[in-house]
Amino acid sequence: MSTLSLPSYTREPLQTPLYSAEPLLHERRISRGQGHPFAIHSSNSAEFVKDSKKGSLRLRLSGQESNVAVPVFGIRGPIEGTLEVLKPEGLAFVAVRIEGSLKVKEIAGGGTTTTALCDKTLTLWHKDVGPAPCPSRLPFSIALPTTFSDEHGSWSLPPTYEAHLSGLPGFTTNVDYSVTAVTSKTKSIKLGIGVTTVSTPFIYKPRKRPGSRIPPRLQPIDSSPGLRISPEWRVHETVVTARMPGSSKRGIVCKFYTPASHVMCMRHPIPYHITFTGSAVSLATLLTYMPSRTGAAPVRACSRIQLLRQTTVDVKSEYALDGATSEMWRTRSVGEGSLYRTGDGPDWLSFAGEMNVNSDVTIGGFKAAGLWVKDCIVFSVAPPDPLRGPIGDMRIVVPIRLVTDPWCPGAAPSDALVPQASPTPSEVHVTPSDGYVAAESTASSYYEADSYLESEDKQH
Numbered sequence: 007m008s009t010l011s012l013p014s015y016t017r018e019p020l021q022t023p024l025y026s027a028e029p030l031l032h033e034r035r036i037s038r039g040q041g042h043p044f045a046i047h048s049s050n051s052a053e054f055v056k057d058s059k060k061g062s063l064r065l066r067l068s069g070q071e072s073n074v075a076v077p078v079f080g081i082r083g084p085i086e087g088t089l090e091v092l093k094p095e096g097l098a099f100v101a102v103r104i105e106g107s108l109k110v111k112e113i114a115g116g117g118t119t120t121t122a123l124c125d126k127t128l129t130l131w132h133k134d135v136g137p138a139p140c141p142s143r144l145p146f147s148i149a150l151p152t153t154f155s156d157e158h159g160s161w162s163l164p165p166t167y168e169a170h171l172s173g174l175p176g177f178t179t180n181v182d183y184s185v186t187a188v189t190s191k192t193k194s195i196k197l198g199i200g201v202t203t204v205s206t207p208f209i210y211k212p213r214k215r216p217g218s219r220i221p222p223r224l225q226p227i228d229s230s231p232g233l234r235i236s237p238e239w240r241v242h243e244t245v246v247t248a249r250m251p252g253s254s255k256r257g258i259v260c261k262f263y264t265p266a267s268h269v270m271c272m273r274h275p276i277p278y279h280i281t282f283t284g285s286a287v288s289l290a291t292l293l294t295y296m297p298s299r300t301g302a303a304p305v306r307a308c309s310r311i312q313l314l315r316q317t318t319v320d321v322k323s324e325y326a327l328d329g330a331t332s333e334m335w336r337t338r339s340v341g342e343g344s345l346y347r348t349g350d351g352p353d354w355l356s357f358a359g360e361m362n363v364n365s366d367v368t369i370g371g372f373k374a375a376g377l378w379v380k381d382c383i384v385f386s387v388a389p390p391d392p393l394r395g396p397i398g399d400m401r402i403v404v405p406i407r408l409v410t411d412p413w414c415p416g417a418a419p420s421d422a423l424v425p426q427a428s429p430t431p432s433e434v435h436v437t438p439s440d441g442y443v444a445a446e447s448t449a450s451s452y453y454e455a456d457s458y459l460e461s462e463d464k465q466h
């Protein structure tokens, strides 16, 4: 009896394709089924509705959450909806227009500078097209541009933003967007005869995510500097002056470790590690200015970790002297860090902590024409007498970029990866009123381009 020989097979590993839960920059959601009840984002299926003063025109904007006071749209998110014309008789044309502007206004009536960000008009119906009367319902879709240009160059379209910069004079800056529907019984709307409009501002809120994940925590070890160093973390180093007898001439070396990518999700805690190395006597003195408990606690008083947001506006006028600075800025704290001791040795101390971004921060930093919004982490130790006391003061400034969404593993391998350099510490003004001096001395030249991913989804 013959034996049947079965062919041999080679077991190939399955290569699962990469997917992302949200659309990438070059993608658009066509439809969405009923999702898992614990999904992070829910479908925005409601409409924002606004009527004209006399009720003859109704603007419906789709893709919104229920009961929103102002509609919200994201990057490349088309402004879609329907215009209901309740009195179409005798109309000559119907159109929809979107506008965006950046305004810098001097308080007390000194003048206003306006930069146009976008201005697009879509004609929905015109009587010269054909003999048919104007429809009572006109659907429309207008894609927002991703960039704008001025005399200084091209910029990404900035999010809706408002800031007040106090001073002499003071300034306010606003980034505003609006959508307007208009009907007219004549071919021109300049005279305003037979013209009906309905308009609403909208919030432009582009969603972005990091190009890489937050790395795992550094593991503690029993030898100096107390941490097992990983290339996924970046170190920022400075030296604290020590004046005690028996202290090292080099002082105390402080190393501040942050994730190598300086792009952080604003809804996730930002982790960090800190190590100090020096003589036993200098570390014992330094310890009196650090948190006393081993559990996590906010860093206050002599040692502090803050997340600072700086808004800078170019307010140069024709009366400014040549070479004079033309920028005004406001710096405010948008997060306070915690710190706890993780280990110590004869010549080293190690700490760890994390920082939560304040809930009122909803957009990341950006630069558009004369407006620049940027964020940085500032770690400082400020003893009562830094010039004559046992130790001097120190500060480390780490520029970061906040984004709206967390890292998504399936979104990385795509052409949506947009490299963008973080601002260096030398570009961050830290004013004396904030308890710090200028941070130019901590500038370093090794900052590489950080990356983030832009999401086209309109949810927020």
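In this text, residue positions in the sequence shown follow my numbering: the first is 7, and each later residue adds one. We treat Cβ as the ideally placed atom computed from N, Cα and C, and that holds for glycine. Remember, it's a predicted structure, so these values are computed and weren't measured experimentally.
Beta carbon of residue i nearer than 9 Å to that of residue j
{"i": "glycine 351", "j": "glycine 232", "result": "yes"}
{"i": "alanine 374", "j": "leucine 163", "result": "yes"}
{"i": "aspartate 381", "j": "proline 392", "result": "no"}
{"i": "threonine 410", "j": "isoleucine 369", "result": "yes"}
{"i": "valine 241", "j": "phenylalanine 262", "result": "yes"}
{"i": "leucine 150", "j": "valine 319", "result": "no"}
{"i": "threonine 189", "j": "leucine 97", "result": "yes"}
{"i": "glutamate 56", "j": "threonine 202", "result": "It is worth fixing the name first, because residue 56 is lysine in this sequence and not glutamate. The answer is no: Cβ separation not under 9 Å."}
{"i": "leucine 63", "j": "threonine 206", "result": "no"}
{"i": "isoleucine 507", "j": "arginine 213", "result": "What the structure shows of the chain is the stretch from 7 to 466, and residue 507 is not part of that stretch, so it cannot be assessed."}
{"i": "threonine 291", "j": "methionine 250", "result": "yes"}
{"i": "glutamate 360", "j": "isoleucine 276", "result": "yes"}
{"i": "valine 404", "j": "cysteine 260", "result": "no"}
For residue i, the nearest candidate out of the options (CA to CA)
{"i": "methionine 334", "options": "Glu95, Ser230, Gly176 and Asp134", "result": "Gly176"}
{"i": "proline 478", "options": "Ser218, Thr202 and Thr247", "result": "Given a span of 7 to 466 for the chain in the structure shown, any question on residue 478 remains unanswerable."}
{"i": "arginine 338", "options": "Arg347, Arg273 and Val379", "result": "Val379"}
{"i": "proline 165", "options": "Thr120, Asp182 and Cys382", "result": "Asp182"}
{"i": "lysine 255", "options": "Leu97, Thr283, Cys308 and Val404", "result": "Thr283"}
{"i": "lysine 191", "options": "His158, Ala101 and Leu314", "result": "Ala101"}
{"i": "proline 139", "options": "Gly159, Val91 and Lys109", "result": "Val91"}
{"i": "alanine 266", "options": "Cys260, Gly257 and Tyr278", "result": "Tyr278"}
{"i": "aspartate 353", "options": "Val287, Ser155 and Leu67", "result": "Val287"}
{"i": "isoleucine 85", "options": "Leu345, Thr120, Phe146 and Val76", "result": "Phe146"}
{"i": "serine 365", "options": "Arg401, His274 and Thr281", "result": "His274"}
{"i": "arginine 336", "options": "Leu345, Thr348, Ser356 and Arg315", "result": "Arg315"}
{"i": "proline 137", "options": "Ser155, Ile113, Glu157 and Glu95", "result": "Glu95"}
{"i": "serine 285", "options": "Thr264, Ile258, Val269 and Leu293", "result": "Ile258"}
{"i": "serine 230", "options": "Val367, Thr186, Gly69 and Gly349", "result": "Gly349"}
{"i": "leucine 355", "options": "Val185, Thr118, Ser155 and Leu289", "result": "Leu289"}
{"i": "glutamate 243", "options": "Arg401, Ser58 and Thr120", "result": "Arg401"}
{"i": "isoleucine 383", "options": "Ser184, Val269, Pro297 and Tyr346", "result": "Val269"}
{"i": "isoleucine 148", "options": "Val185, Glu112, Ser58 and Ala248", "result": "Val185"}
Contacts around residue i, its chain only, beta-carbon distance under 7 Å, and the 5 residues preceding and following it disregarded
{"i": "serine 236", "result": "Pro221 and Leu224"}
{"i": "valine 363", "result": "Met272, Leu313, Val340, Gly341 and Leu408"}
{"i": "valine 74", "result": "Phe54"}
{"i": "serine 72", "result": "Ala52"}
{"i": "glycine 376", "result": "Val110, Val319 and Asp320"}
{"i": "alanine 122", "result": "Ser107"}
{"i": "threonine 129", "result": "Phe99 and Ala101"}
{"i": "leucine 197", "result": "At leucine 197 the pLDDT is 49, less than 50, meaning the model places this residue with poor confidence; the figure from the coordinates comes in the next sentence. Counting only Cβ-Cβ distances below 7 Å, and skipping sequence neighbours, we find nothing."}
{"i": "glycine 200", "result": "Ser190, Lys191 and Thr192"}
Own chain partners of residue i with C-beta closer than 8 Å, once the 5 adjacent residues on each side are dropped
{"i": "tryptophan 413", "result": "Arg215, Pro216, Gly217, Ser218, Arg219, Ile220 and Cys271"}
{"i": "arginine 234", "result": "Leu224, Gln225, Pro226 and Ile227"}
{"i": "proline 389", "result": "Tyr295, Cys308, Gly395, Pro396, Ile397, Gly398 and Asp399"}
{"i": "threonine 152", "result": "Ile81, Arg82, Ser162 and Leu163"}
{"i": "glutamate 238", "result": "Pro221, Pro222, Pro265 and Ala266"}
{"i": "valine 141", "result": "Before going further, note that residue 141 is proline rather than valine in the sequence given. The residues are Val91, Pro94 and Trp131."}
{"i": "arginine 347", "result": "Met296, Pro297, Thr300, Leu355, Ser356 and Phe357"}
Residue i beta carbon near the ligand MN (any heavy atom closer than 8 Å)
{"i": "proline 139", "result": "As presented, the structure is devoid of all ligands, the ligand MN included, so that no description of it is given."}
In DSSP terms, what residue i is bridged to
{"i": "alanine 266", "result": "Answer is none; alanine 266 lacks a bridge partner."}
{"i": "proline 392", "result": "Bridge partners of proline 392: none, in fact."}
{"i": "asparagine 362", "result": "Glu342"}
{"i": "threonine 202", "result": "Thr189"}
{"i": "aspartate 353", "result": "In the DSSP output, where bridge partners are listed per residue, aspartate 353 has none listed."}
{"i": "lysine 261", "result": "Glu243 and Thr281"}
{"i": "alanine 378", "result": "A small correction: the amino acid at residue 378 is tryptophan; alanine does not occupy that position in the sequence shown. Beta-bridge pairing links tryptophan 378 to Thr318 and Lys373."}
{"i": "isoleucine 311", "result": "Phe385"}
{"i": "valine 287", "result": "Looking at the DSSP assignment, valine 287 forms no beta bridge with any residue, so it has no partner."}
Contact set for residue i: own chain, Cβ-Cβ below 6 Å, skip 5 residues either direction
{"i": "aspartate 125", "result": "Glu105"}
{"i": "leucine 169", "result": "The residue you asked about is not leucine; residue 169 is alanine in the sequence shown. Answer for alanine 169: Thr179 and Thr317, listed in chain order."}
{"i": "threonine 127", "result": "Ala101 and Arg103"}
{"i": "histidine 132", "result": "Phe99"}
{"i": "phenylalanine 372", "result": "Pro164 and Val379"}
{"i": "valine 443", "result": "Residue placement at valine 443 is flagged as unreliable, the pLDDT there being 34, under the threshold of 50; the coordinate-derived value follows with that caveat. So no residue of the chain qualifies."}
Cutoff 9 Å: residue i Cβ touching any chain C Cβ
{"i": "serine 236", "result": "No chain C is present in this structure, which holds just one protein chain."}
Handout entry: Ranges of the beta strand (DSSP E) found wholly within the segment 152-187, counting only runs of at least 3
Key = 153-156, 159-162 and 167-171
Handout entry: Every unbroken beta strand (DSSP E) inside the segment 125-156 [3 residues or more]
Key = 143-148 and 153-156
Handout entry: Segments of 3+ residues assigned as beta strand (DSSP E) that fall wholly inside the segment 45-131
Key = 52-57, 63-70, 85-91 and 99-112
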